[in-house]
Structures are given as C-alpha cells and as structure tokens.
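Under UniProt numbering, the sequence shown has 207 at position 207, and the numbering climbs by one with no breaks. Positions of the beta carbon are idealized from the N, C-alpha and C atoms, including for glycine. Just so we're clear, the structure is a prediction, and the values are computed from it rather than from any experiment. Notes to accompany the following structure.
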Amino acid sequence: MVNSIGIFNNKYYYKGQEYDNYNINLLLEKLGNKRRLLILSQSIFIKKYEILNKRISVDKFIEKKISEDFSDKKNLLFHYEFLKNSKIIYIYSIRYNSFIKSCTNITHIQVEPIQFLIRKYVIKKVRGGKYSIIIYRIKDLFHLINIENGVIENSYITNDATDINKFIIEYKNQNKKLIIDKGIEDITINNYDYIINIGEKVYEEIFKK
Numbered sequence: 001m002v003n004s005i006g007i008f009n010n011k012y013y014y015k016g017q018e019y020d021n022y023n024i025n026l027l028l029e030k031l032g033n034k035r036r037l038l039i040l041s042q043s044i045f046i047k048k049y050e051i052l053n054k055r056i057s058v059d060k061f062i063e064k065k066i067s068e069d070f071s072d073k074k075n076l077l078f079h080y081e082f083l084k085n086s087k088i089i090y091i092y093s094i095r096y097n098s099f100i101k102s103c104t105n106i107t108h109i110q111v112e113p114i115q116f117l118i119r120k121y122v123i124k125k126v127r128g129g130k131y132s133i134i135i136y137r138i139k140d141l142f143h144l145i146n147i148e149n150g151v152i153e154n155s156y157i158t159n160d161a162t163d164i165n166k167f168i169i170e171y172k173n174q175n176k177k178l179i180i181d182k183g184i185e186d187i188t189i190n191n192y193d194y195i196i197n198i199g200e201k202v203y204e205e206i207f208k209k
C-alpha cells in the first residue's frame, strides 16, 4: 500500500491529521515504506527548450541542459515532458530539502507537485482543458497555471489575491479556457469559462487515501 502525504510549507498532512517537524516521528511510525508526497506550496521551476540537433537523443539533451543551466542541481528533483511533434522539451524542477525528513526508511517514493495532479484532473474533466488557464487556492496560497498543448507552460504561486486578475488579463488573450476553483469564485473577475471543485480533489488526495 502506498501512503499519500500532503506537504504544505513545514506541515505534513496524513489521513486528516497535521504534523510538523517537531512531531514528524509520530507520522513516520504510521507510514509504510511506500510513500507518495504531494507538494502543495512549492513553485515549480520551468525551462523550455527546442531540440534543433536531430542527432542528439532526448536523454542526452536533458542531461546536458541540467548540467549547464541548473547551478543548484544537487538540491533539486527533476521531471521532463517532451512534445515529439514540435521537438519541445520542458524541464521541471523543485527543491527537496523541505520534505527530506519524510523520506526515511522507504523502498518506494513518488514526489508529485500538486500542479501536475490538478493539470491531469482538469484535462480529464474539462473539454478544451489542454489549452487553459487554471486558478485555485490551497489554504492561503493561490496557484495560477497556464496549460499549453497539455503541458504546464507557466506556473505561479501567490498569497496576493490581486495577482489573480493580472494573471488572467495576461493570458486570457491567448484564447484559452479560464477554469477556476469553486473556492475563489467570489474574488475573481466574472468571465471564467468553467468553475469546478478543485479543492475537493485536493482534499480527496490528501485526507481520504
């Protein structure tokens, strides 16, 4: 069985209970050695590349770019997505020092920034979701995601509600679907295309598994 743990700043959430760095041992005692970490409050760093040299493999290209473009790579976890038709590669990275304490005594670990979970959920649920702007809230943080051809093109996190409308204005002219979380309906401009309960999906992933 894989245990799902939500991590928000220095707090850990498991089956409806909250833990911190002072009582994390109580959490670890309840966990098996297979874990899934949902990162709820960390921005993902995104770099976009186009492969112009047809002779280089995707793996070699990524290895080269990580070596050249990421100075702090020893403290980062990486993920990439490759659009074969356009030869575009997105390299995503997050810092892992904030959740390293939850990775002791494991045989399997899956680290998933919440942005990727929400992207998958929206594309499955909303027609046209592969080209969309997604806005939702987790606790006091607003997540703003720009989806292009099914991949995360840009992603921002802010605690300032005024940034939401700025983000919408910046990207809405790209003729994309604007999808917002039901929990922020009262603080956004009223020209969204879809409103769905993203907060409920996050709750299910953290507290019901």
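Contact under 7 Å by Cβ, residue i with residue j
i: Y80; j: I88; result: no
i: I135; j: L141; result: no
i: N197; j: K182; result: yes
i: Y19; j: L28; result: no
Reduced DSSP category for residue i - H, G, I as helix; E, B as strand; rest coil
i: D69; result: helix
i: S102; result: helix
i: K125; result: helix
i: V111; result: strand
i: I44; result: coil
Boundaries of the beta strand (DSSP E) in which residue i is found, first to last residue
i: Y192; result: Unbroken run through Y192: none, as it is neither H nor E.
i: I51; result: Segment: none, I51 is in no beta strand (DSSP E) and carries neither H nor E.
8 Å CB neighbourhood of residue i in its chain, flanking five on each side removed
i: N75; result: R95, Y96, N97
Residue range of the unbroken alpha helix (DSSP H) whose run includes residue i
i: D163; result: 162-172
Reference residue i, options the options, closest by Cα
i: N159; options: Q42, L26, S4; result: Q42
i: F78; options: K34, Y121, K47, D20; result: K47
i: residue 210; options: N85, G150, I24; result: One cannot answer for residue 210 here, as it falls past the ends of the chain, which runs 1 to 209.
i: I179; options: I5, R127, E200; result: R127
i: D69; options: S93, K54, L52, R55; result: S93
i: I114; options: M1, E204, Q17, N23; result: E204
Own chain, CB closer than 6 Å to residue i, minus 5 neighbours either side, in chain order
i: L31; result: N3
i: A161; result: I187
i: Y13; result: G6, I206
Own chain residues within Cβ distance below 7 Å of residue i, not counting five before or after
i: E148; result: Y131
i: R119; result: I145, I147, I152
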